[in-house]
Amino acid sequence: MTSGEMVIGEMDVRTIWIARYRQGFLEGLTAQGYARCTLRTYERIVAQFCAEVEKRGLSAGKLDAAAVEALRQAVLAEANGSAHTYAKFCLNRFIGHLVDAGVASLPNSPPRSQLLWIACARNTTAICASNVR
220 MTSGEMVIGE MDVRTIWIAR YRQGFLEGLT AQGYARCTLR TYERIVAQFC AEVEKRGLSA
280 GKLDAAAVEA LRQAVLAEAN GSAHTYAKFC LNRFIGHLVD AGVASLPNSP PRSQLLWIAC
340 ARNTTAICAS NVR
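Take this note's numbering: the last position of the sequence shown gets the number 352, and nothing is skipped along the way.
What follows is the structure, given as structure tokens:
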């Protein structure tokens, strides 16, 4: 630990801010009536995200798009199979909560190619036309 750093329990003061958002998010899910087993899954995924934030020593102003993506990849690397898909869903909900609170930003999604859109539209039309006899 360098000079100027303080630790409260096991949490670094620089990263204690994330605990407040974690608690608020989980309380919101509880208030919405989520099942206990679902809450445990959310708690586990969000705890992994918060542990990565703490491990990297990120402050509230440091969750830019690149940091969020790196954190997302680190958490999802620990999940596999169908658990990966559900972990991604849970994690995206928590990241959305952080974005709504104004402490994180999302990476820009790449623009969808117009040619890809046209190809999908044609394929969908062909599939629909082949079903009508």
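Note that the Cβ used here is the ideal one computed from N, Cα and C, for glycine as well.
Let me know the secondary structure DSSP gives S278 once reduced to three states.
Working through the sequence shown from its first residue, we reach residue 278 at position 59. Note: S278 maps to coil in three-state DSSP.
Quick check on this structure: which residue in R239, H303, R291, E262 has the alpha carbon closest to the alpha carbon of P326?
Mapped onto the sequence shown, residue 326 falls at position 107. Measuring from the Cα of P326, the nearest candidate turns out to be R291.
Residues near V351 by beta carbon distance below 7 Å, same chain, minus five either side:
Taking the first residue of the sequence shown as 1, we reach residue 351 at position 132. Because the pLDDT at V351 is just 49, under 50, the model does not fix this residue reliably, and the point stays unresolved.
Can you tell me where the alpha helix (DSSP H) with D319 in it begins and where it stops?
By one-based count along the sequence shown, residue 319 stands at place 100. The continuous alpha helix (DSSP H) containing D319 extends over residues 301-320.
Buried or exposed for A254, please, with buried defined as at least 16 other CB atoms from any protein chain shown within 10 angstroms of its CB.
The residue you call residue 254 lines up with position 35 of the sequence shown. It counts as exposed.
Grab me the residues of E288's own chain with a C-beta within less than 8 Å of its C-beta, minus the 5 sequence neighbours each way, in chain order.
Mapped onto the sequence shown, residue 288 falls at position 69. Hits under 8 Å: P326.
Roughly how many angstroms lie between the CA atoms of C309 and A302, to the nearest whole one?
Position 90 of the sequence shown, counting from 1, holds the residue named residue 309. Position 83 of the sequence shown, counting from 1, holds the residue named residue 302. A direct Cα-Cα distance of roughly 10 Å separates C309 from A302.
Buried or exposed for A323, please, with buried defined as at least 16 other CB atoms from any protein chain shown within 10 angstroms of its CB.
Working through the sequence shown from its first residue, we reach residue 323 at position 104. That one is buried.
How would you call F275, buried or exposed, if buried means at least 16 neighbouring beta carbons within 10 angstroms?
As a working mapping, residue 275 is identified with position 56 in the sequence shown. Checking the sequence shown, residue 275 turns out to be Arg, not Phe. R275 is exposed by the Cβ-count criterion.
Among G300, N299, L295, G321, which residue has its Cα nearest to the Cα of N311?
Sequence index remark: in the sequence shown, residue 311 carries index 92 (1-based). Among G300, N299, L295, G321, the Cα nearest to that of N311 is on L295.
Can you tell me whether DSSP reads R251 as helix, strand or coil?
In the sequence shown, residue 251 corresponds to position 32, counting from 1. The question names Arg, but residue 251 is Gln in the sequence shown. Here Q251 sits in coil by DSSP.
Would you say E353 and L245 are within 8 Å of each other, going by their C-beta atoms?
Residue 353 is absent from the structure shown; the chain starts at 220 and stops at 352.
Any idea if R259 is buried or exposed, counting beta-carbon neighbours within 10 angstroms, 16 or more meaning buried?
Reading the sequence shown from its first residue, position 40 is the one you call residue 259. Classification of R259: exposed, given that the 10 Å Cβ count is below 16.
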